[in-house]
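K.L.:
As they're listed, the protein sequences go chains A and B. All the letters of the first sequence, read from the start, carry residue numbers 0 to 57 under numbering that gives the first Met the number 0. All the letters of the second sequence, read from the start, carry residue numbers 0 to 682 under numbering that gives the first Met the number 0. Glycine included, every Cβ here is placed at the ideal spot set by N, Cα and C.
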Amino acid sequence: MTTLRRVAEAVMALLRELSDENAYQRHLAAHGRAHSPEEWRHFSEHHLQAKYTRAKCC
Amino acid sequence: MKILAHIVWAAVAVLGAYCLGGIALNHGEPINSIWLVVAAACTYAVGFRFYAKFIAARVMALNDKRATPAERLRDGLDFEPTNKWILFGHHFAAIAGPGPLVGPVLAAQFGYLPGTLWIIIGAVLGGAVQDFVILFASMRRDGKSLGQIAREEVGTVGGFTALVTVLLIMIILLAVIALVVVNALKGSPWGTFTIAATMPIALWMGIYLRWIRPGKVLECSLMGVVLVIASIFGGQWVSESATWAPWFTFGAIGLSIAVIVYGYFASALPVWLFLAPRDYLCTFIKLGVVLALGVGILFVRPELQLPAFTRFTDGTGPIFAGKIFPFCFITIACGAVSGFHALISSGTTPKMIARESHAYPVGYGAMLMESFVAIMAMIAACMLQPGVYFAVNSPAGVVGATPAAAVATISNWGFPVTTADMATLAKNVGEQTLFYRTGGAPSLALGMAAIFARSGGGASVLGFWYHFAIMFEALFILTIIAAGTRVGRFMLVDLTAQFSTAAARKMTGLVGVNVVSVVVCAAWGYFLIQGVRDPLGGINSLWPLFGISNQLLASVALCVATTILLKMHGPKFMWITCGPLVWLLAATFTAGWQKIFASEPALGFLAHANQLERAMRTNPSGNTATLIFNDRLDAVVTGIFLILVATILVDSLRAWIGILRGTRDARICEAPFVSSELQPEEV
Numbered sequence: 000m001t002t003l004r005r006v007a008e009a010v011m012a013l014l015r016e017l018s019d020e021n022a023y024q025r026h027l028a029a030h031g032r033a034h035s036p037e038e039w040r041h042f043s044e045h046h047l048q049a050k051y052t053r054a055k056c057c
Numbered sequence: 000m001k002i003l004a005h006i007v008w009a010a011v012a013v014l015g016a017y018c019l020g021g022i023a024l025n026h027g028e029p030i031n032s033i034w035l036v037v038a039a040a041c042t043y044a045v046g047f048r049f050y051a052k053f054i055a056a057r058v059m060a061l062n063d064k065r066a067t068p069a070e071r072l073r074d075g076l077d078f079e080p081t082n083k084w085i086l087f088g089h090h091f092a093a094i095a096g097p098g099p100l101v102g103p104v105l106a107a108q109f110g111y112l113p114g115t116l117w118i119i120i121g122a123v124l125g126g127a128v129q130d131f132v133i134l135f136a137s138m139r140r141d142g143k144s145l146g147q148i149a150r151e152e153v154g155t156v157g158g159f160t161a162l163v164t165v166l167l168i169m170i171i172l173l174a175v176i177a178l179v180v181v182n183a184l185k186g187s188p189w190g191t192f193t194i195a196a197t198m199p200i201a202l203w204m205g206i207y208l209r210w211i212r213p214g215k216v217l218e219c220s221l222m223g224v225v226l227v228i229a230s231i232f233g234g235q236w237v238s239e240s241a242t243w244a245p246w247f248t249f250g251a252i253g254l255s256i257a258v259i260v261y262g263y264f265a266s267a268l269p270v271w272l273f274l275a276p277r278d279y280l281c282t283f284i285k286l287g288v289v290l291a292l293g294v295g296i297l298f299v300r301p302e303l304q305l306p307a308f309t310r311f312t313d314g315t316g317p318i319f320a321g322k323i324f325p326f327c328f329i330t331i332a333c334g335a336v337s338g339f340h341a342l343i344s345s346g347t348t349p350k351m352i353a354r355e356s357h358a359y360p361v362g363y364g365a366m367l368m369e370s371f372v373a374i375m376a377m378i379a380a381c382m383l384q385p386g387v388y389f390a391v392n393s394p395a396g397v398v399g400a401t402p403a404a405a406v407a408t409i410s411n412w413g414f415p416v417t418t419a420d421m422a423t424l425a426k427n428v429g430e431q432t433l434f435y436r437t438g439g440a441p442s443l444a445l446g447m448a449a450i451f452a453r454s455g456g457g458a459s460v461l462g463f464w465y466h467f468a469i470m471f472e473a474l475f476i477l478t479i480i481a482a483g484t485r486v487g488r489f490m491l492v493d494l495t496a497q498f499s500t501a502a503a504r505k506m507t508g509l510v511g512v513n514v515v516s517v518v519v520c521a522a523w524g525y526f527l528i529q530g531v532r533d534p535l536g537g538i539n540s541l542w543p544l545f546g547i548s549n550q551l552l553a554s555v556a557l558c559v560a561t562t563i564l565l566k567m568h569g570p571k572f573m574w575i576t577c578g579p580l581v582w583l584l585a586a587t588f589t590a591g592w593q594k595i596f597a598s599e600p601a602l603g604f605l606a607h608a609n610q611l612e613r614a615m616r617t618n619p620s621g622n623t624a625t626l627i628f629n630d631r632l633d634a635v636v637t638g639i640f641l642i643l644v645a646t647i648l649v650d651s652l653r654a655w656i657g658i659l660r661g662t663r664d665a666r667i668c669e670a671p672f673v674s675s676e677l678q679p680e681e682v
């Protein structure tokens, strides 16, 4: 049961990483801010601008 | 315990060798796909456990006491120590594109064996090594890009040439994958509606994330997935509606224009509104489908209907012309060796590695996983009846312009198929016809649909799964087109900045962004239209161009990797990267030379142009003049690729000789050693 829970936690962590939710949490922690709609918009604009200047694989 | 481990690994190696021997020597009856799965899994396991570990320990000397850039430069954004399994998934999601799905399907025209062996051996000895070494090199250099590493370790010529090469590859890549989508959706209201519906869904997701529930990406993506699946059912209803079906039925040219316009808007719209939500959706669906396909293959264990070798090993293939060597090795790039991976391995991933030893499973392991995706695509294609496979993938210009002519030609090749077979299959998947759908996507979708339908639901759900697979492939490709057009824009600005900073600055203003977007779309759009108009199906000319360019980029990466190994250890370990480099150079230069100068019109661009020119003298037409121009343009583009890589190779050779003679500085440009202070709970 513990193994199953650990696998589920790892999968959720991966999904959060892929969805940039982890990156957002890191951004909040790094800047000492709390979540708000404005903060998300500020984060997503900067983070996504940088993310989509890099080549995507074929 | 150690003896037991030796026995287990010996058993894995023997089992792998037995299965590889089994698939290589069985030339008579259909073979079960499980042989391919076990052969691949065992070879990957042995390669990962012994070869990659040897490289990690002896060559790279990965040291967990050394702080990685993620720790030293930690900023909470790009640089962040990340759990190795999360990073493995992240890296795999970044390197897995449509290439490992489409390439093996096209290479199946030679039979299942050549492509399968290349996928397995190429990945273990070439592709995974390239990804691993470049990831290591970038990790030791503060996460620098391939171009920056090339400039520092090889020379400025190498760095600039790498930038131009990548931009050109990007243009060809976008054209060829757009062609795959166009050929999959032409005359298909079901598929076209489903894909069209993903656009408002992505826009809605963008608005939801921006204003309704900011930051709730997973929740929003889940709703997006549900809506996309609903759109597949909607597409079925549209295709059966006499009123709505014509609105979503397009020919190849109409679809091409739609895709080009889409590329422009998707790259010019704010990223948060369209591209990012679409990318989230695509990533989750991609991982889910890959997982489901793997489980489906293990559950169904289909038999491969295509033989080990077909008659087209002689170079007369209907999908693309050319013999196994070199064309099998450039047709399957991603899945075996892909130069594009070097851009990812020197992009985000090195900035997130917590411990140096994590580069081993992430760099080497993720490529093996991608190679396994390619094996699954090969299985999905080869489980089709050979006659059906060739009827779907062959262009009208090769097999005949009517279904009757096509089945007669294909049956004469020894792959029996009838128009009734094809009509029944088309009806079962909800299409009007499946003839002349070059590009690989529809035949892959047929194979995937058969696997999913046999896992549960049977023939009644074949149509749903076929269009689910088409949606998956097209969604995937169109997201890459949007992101690639945008990246192409930035590359063009970077390139301009090498000559004029003022001009580059102008390109980033509102007008400049739109003009550059139009230029990039026009560049790949031209090649797309060329492919659509090509009587030989477009794939015959564009996919080899893409394969050559991608493998040449891999050659660039391996040149850089060899230089680094040479500086680290002298000539002792050069063979690790030189081996795959020599093979790739031989394959790509031979393929490039043949595509330009071969005397067979189906193979050589110039021979085809000359043939058309002779035909035009007797029957002049405006379209023929365009085809002649296109052939010559393709010859020039191929020549440019070869010259660019020859330049980097010569630059690298000069560097290697200088290092070996002691006339050139052999110091490596690594970041200085800093002790890691990461705690176990942070990793």
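Just to confirm, are L303 (chain B) and S620 (chain B) a CB contact at a threshold of 9 Å?
P.N.:
no
K.L.:
Using the three-state DSSP reduction, which class does I331 (chain B) fall into: helix, strand or coil?
P.N.:
DSSP places I331 (chain B) outside both helix and strand once states are collapsed to three, so it counts as coil.
K.L.:
Select from B:G20, B:E599, B:P394 and B:A407 the residue whose C-alpha is nearest the C-alpha of T437 (chain B).
P.N.:
B:P394
K.L.:
Could you tell me the boundaries of the alpha helix (DSSP H) in which H466 (chain B) lies?
P.N.:
Where H466 (chain B) is concerned, the enclosing alpha helix (DSSP H) stretches over L461 to A496.
K.L.:
Can you pull out the residues from the region 27-52 of chain A whose beta carbon lies closer than 9 Å to at least one beta carbon of chain B?
P.N.:
Within the region 27-52 of chain A, the residues whose Cβ lies closer than 9 Å to some Cβ of chain B are L27, A28, A29, H30, H34, S35, P36, E37, E38, W39, R40, F42, S43, E44, H45, H46, L47, Q48, A49, K50, Y51 and T52, listed in chain order.
K.L.:
If you draw a straight line from the C-alpha of T562 (chain B) to the C-alpha of P579 (chain B), how long is it?
P.N.:
14 Å
K.L.:
Along chain A, which residues have their Cβ under 9 Å away from the Cβ of V486 (chain B)?
P.N.:
Correct list: Y51, T52, R53, A54 and K55.
K.L.:
Does Y261 (chain B) come within less than 9 Å of chain A when only Cβ atoms are used?
P.N.:
no
K.L.:
Taking three-plus beta-carbon pairs below 8 Å as touching, is the region 377-394 of chain B in contact with the region 408-424 of chain B?
P.N.:
These segments touch.
K.L.:
Under 9 Å, do L226 (chain B) and K215 (chain B) count as touching if we go by C-beta distance?
P.N.:
Their beta carbons are not under 9 Å apart, which means L226 (chain B) does not touch K215 (chain B) by this criterion.
K.L.:
Are the CB atoms of I119 (chain B) and Y261 (chain B) nearer to each other than 9 Å?
P.N.:
For the pair I119 (chain B) and Y261 (chain B), the CB atoms are not nearer than the 9 Å cut-off.
K.L.:
Using DSSP bridges, identify the partner residues of N31 (chain B).
P.N.:
B:E302
K.L.:
Leaving out the 5 sequence neighbours to the left and right, which residues in its chain are closer than 7 Å to F328 (chain B) when beta-carbon positions are compared?
P.N.:
W117 and A586
K.L.:
How close, in whole Å, do the beta carbons of G157 (chain B) and S651 (chain B) come, if the pair is a contact with beta carbons under 8 Å?
P.N.:
With a Cβ gap of about 7 Å, G157 (chain B) and S651 (chain B) count as contacting.
K.L.:
Does any C-beta atom of chain A lie closer than 9 Å to the C-beta of Y363 (chain B)?
P.N.:
It does not; no Cβ of chain A falls within 9 Å.
K.L.:
With H, G and I counted as helix, E and B as strand and the rest as coil, what does DSSP make of I318 (chain B)?
P.N.:
coil
K.L.:
Using a C-beta to C-beta distance shorter than 8 Å, which residues of chain A count as neighbours of M169 (chain B)?
P.N.:
Neighbours of M169 (chain B) on chain A, chain order: A54.
K.L.:
Cβ of A22 (chain A) less than 9 Å from any chain B Cβ?
P.N.:
yes
K.L.:
Kindly indicate which residue of B:I194, B:I252, B:G233 and B:M375 has the alpha-carbon position closest to the one of V37 (chain B).
P.N.:
B:M375
K.L.:
With the cut-off set at 9 Å, would you say H89 (chain B) and S344 (chain B) are in Cβ contact?
P.N.:
No, the pair does not count as a contact, with Cβ atoms beyond the cut-off.
K.L.:
Tell me the start and end of each unbroken alpha helix (DSSP H) in the region 375-434 of chain B that is at least 4 residues and wholly inside, in chain order.
P.N.:
385-392, 395-398, 402-411 and 418-427
K.L.:
For A9 (chain A), which residues in chain B fall below 8 Å Cβ to Cβ?
P.N.:
N82, W84 and I85
K.L.:
Looking at F414 (chain B) and the ligand ZN, is the gap between the Cβ and the nearest heavy atom below 8 Å?
P.N.:
Absent from the structure shown: the ligand ZN. Ligands present: none.
K.L.:
Per DSSP, which residues does S674 (chain B) bridge with? Please list them.
P.N.:
When DSSP reads this structure, S674 (chain B) sits in a beta bridge with B:R65.
K.L.:
Can you give the beta carbon distance from G98 (chain B) to M377 (chain B), rounded, assuming they're within the 8 Å contact cut?
P.N.:
Contact flag wrong, Cβ pair sits at about 13 Å.
K.L.:
Could you tell me which whole alpha helix (DSSP H) segments of length 4 or greater appear in the region 120-145 of chain B?
P.N.:
127-138
K.L.:
Which runs of the alpha helix (DSSP H) at least 4 residues long sit entirely within the region 216-251 of chain B? Give them in chain order.
P.N.:
216-239
K.L.:
So, does the CB of H89 (chain B) fall closer than 9 Å to a CB anywhere in chain A?
P.N.:
yes
K.L.:
Whose C-beta lies closer than 8 Å to the C-beta of R212 (chain B) among residues of the same chain, with five residues either side of it excluded?
P.N.:
Taking R212 (chain B) as the centre and dropping the five residues before and after it, the same chain places the C-beta of E218 and C219 closer than 8 Å to its C-beta, in chain order.
K.L.:
By the criterion of Cβ-Cβ separation under 9 Å, what are the contact partners of G346 (chain B) in chain A?
P.N.:
R53 and A54
K.L.:
Among the residues of its own chain, which have a CB less than 6 Å from the CB of A496 (chain B), if the five just before and after it don't count?
P.N.:
A503
K.L.:
I694 (chain B) by DSSP, collapsed to three states: which one?
P.N.:
Outside the modelled stretch of chain B, which goes from 0 to 682, sits residue 694 (chain B), for which no answer is possible.
K.L.:
Taking DSSP's pairing of strands, which residues face T81 (chain B) in a bridge?
P.N.:
B:I352
K.L.:
Would you kindly work out how many angstroms separate the C-alpha atoms of A66 (chain B) and R73 (chain B), rounded to a whole number?
P.N.:
Roughly 11 Å between the two C-alpha positions.
K.L.:
Check whether the region 545-559 of chain B and the region 520-527 of chain B touch, using three or more Cβ-Cβ pairs below 8 Å as the test.
P.N.:
no
K.L.:
May I have the straight-line CA-CA distance separating T81 (chain B) from A55 (chain B), to the nearest angstrom?
P.N.:
Counting only the Cα atoms, A55 (chain B) lies some 20 Å from T81 (chain B).
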